[in-house]
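For the sequence shown, my numbering assigns the number 7 to the initial residue and increments by one for each residue that follows. Structure, as structure tokens:
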Amino acid sequence: MPSRRPAIRPAVVVSIGGSVLVTGSDDVAYLRDLSALLRECGRRGPLAVTVGGGRTAREYIGFGRALGLTEVELDEIGIDVTRVHARLLAGAVGPPTPDRVPTSVREAVHELHRASPVLLGGTEPGHTTDGVAALLAVRLRASRVVNATDVDGVYDRDPRTHPNAKRRNSLSWPEFRALVHRATTGTAGQNFLFDRLGADLLARSGIPLFIVAGRDLPNLGAAIDGGPFEGSRIGV
């Protein structure tokens, strides 16, 4: 009998928020450990990673808004920052990760056929790197999207200002989309748990979203690999 080829794990997409990437606290150590985690997870199966702009992007967008730039121009400034962050992290991950970050979803999908992980920033005005992660997930028929952010899940209130806030460990897509649409407007530089375009795309495609604390690397790794983790599950 012919030998069976080993099953290839479905692709996983990770969206790393700029809010966890550059905080001013032990960033170099975090980037070094994060790159090692992504390198190892990328060996186990196709892994695509989007990288956000965080406070650096918001600061430049604030400058641009004060100078009268348009929303499209402000989006483009934010995209440039995300690409710098992605280039930094891709360099830390090292080969076979492409050192030139893709600038479109199509290019990222093409690169993932040759190397894993593949890292990228934003692609075009109108959506965040969360939205890019969702577009990638749909194109790749990914098993899940993992959102690594500065909180460890979805709460009934902002846990940073309400100590008694309770985490929602599981939400339906209609529940989560309602939260996102109430809290976002789509303007450049806005900071929320997940992009509204991304939430809509994942809900329509039936791809689960996991939300975890991005600086808890063992927990992030468990979510990427599909194991038990602490955080919120949407659409599961």
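Where a beta carbon is used, it is the ideal one built from N, C-alpha and C, also for glycine. Note that the coordinates shown come from a computational prediction; the quantities given were computed from them, not determined experimentally.
Residue i vs residue j beta-carbon contact at 8 Å
i	j	result
Pro-102	Leu-44	no
Ile-14	Gly-51	yes
Arg-89	Val-107	yes
Gly-128	Ile-85	yes
Val-152	Ile-230	yes
Ala-96	Leu-125	yes
Ile-217	Gly-233	no
Leu-53	Val-144	no
Val-18	Ser-149	yes
Leu-146	Val-99	no
Val-87	Thr-56	no
Coarse secondary structure for residue i, derived from DSSP in three states
i	result
Ile-217	strand
Ser-178	coil
Val-19	strand
Asn-153	strand
Arg-202	helix
Ser-122	coil
Ala-54	strand
Ser-9	With a pLDDT of 44 at Ser-9, under the threshold of 50, the modelled position of that residue is not reliable, and the figure given next carries that caveat. DSSP places Ser-9 in coil when its eight states are reduced to three.
Val-107	coil
Candidates the options: closest to residue i by CA position
i	options	result
Gly-60	Gly-232, Val-18, Arg-163, Gly-220	Gly-220
Val-78	Gly-132, Ala-98, His-91	Gly-132
Asp-164	Leu-208, Leu-37, His-91, Leu-185	Leu-185
Val-242	Ser-178, Arg-210, Asp-39, Glu-46	Ser-178
Phe-182	Thr-62, His-168, Arg-210	Arg-210
Val-26	Arg-239, Gly-227, Asp-222	Asp-222
Val-20	Cys-47, His-168, Leu-73, Thr-76	Cys-47
Asp-33	Asn-225, Leu-226, Arg-188, Leu-94	Leu-94
Leu-80	Arg-239, Glu-130, Ile-240	Glu-130
Pairwise C-alpha distance: residue j and residue i
i	j	result
Leu-142	Glu-82	19 Å
Leu-215	Ser-31	27 Å
Arg-71	His-91	22 Å
Ile-67	Leu-118	31 Å
Ala-140	Leu-40	21 Å
His-168	Tyr-36	27 Å
For the region 197–215 against the region 122–137, do three or more pairs of beta-carbon atoms, one drawn from each stretch, fall closer than 8 Å, so that the two count as touching?
With the cut-off at 8 Å, the region 197–215 and the region 122–137 touch.
Segment contact, 8 Å Cβ cut-off, at least three pairs: the region 146–159 with the region 169–184
By the criterion of at least three beta-carbon pairs nearer than 8 Å, the region 146–159 is in contact with the region 169–184.
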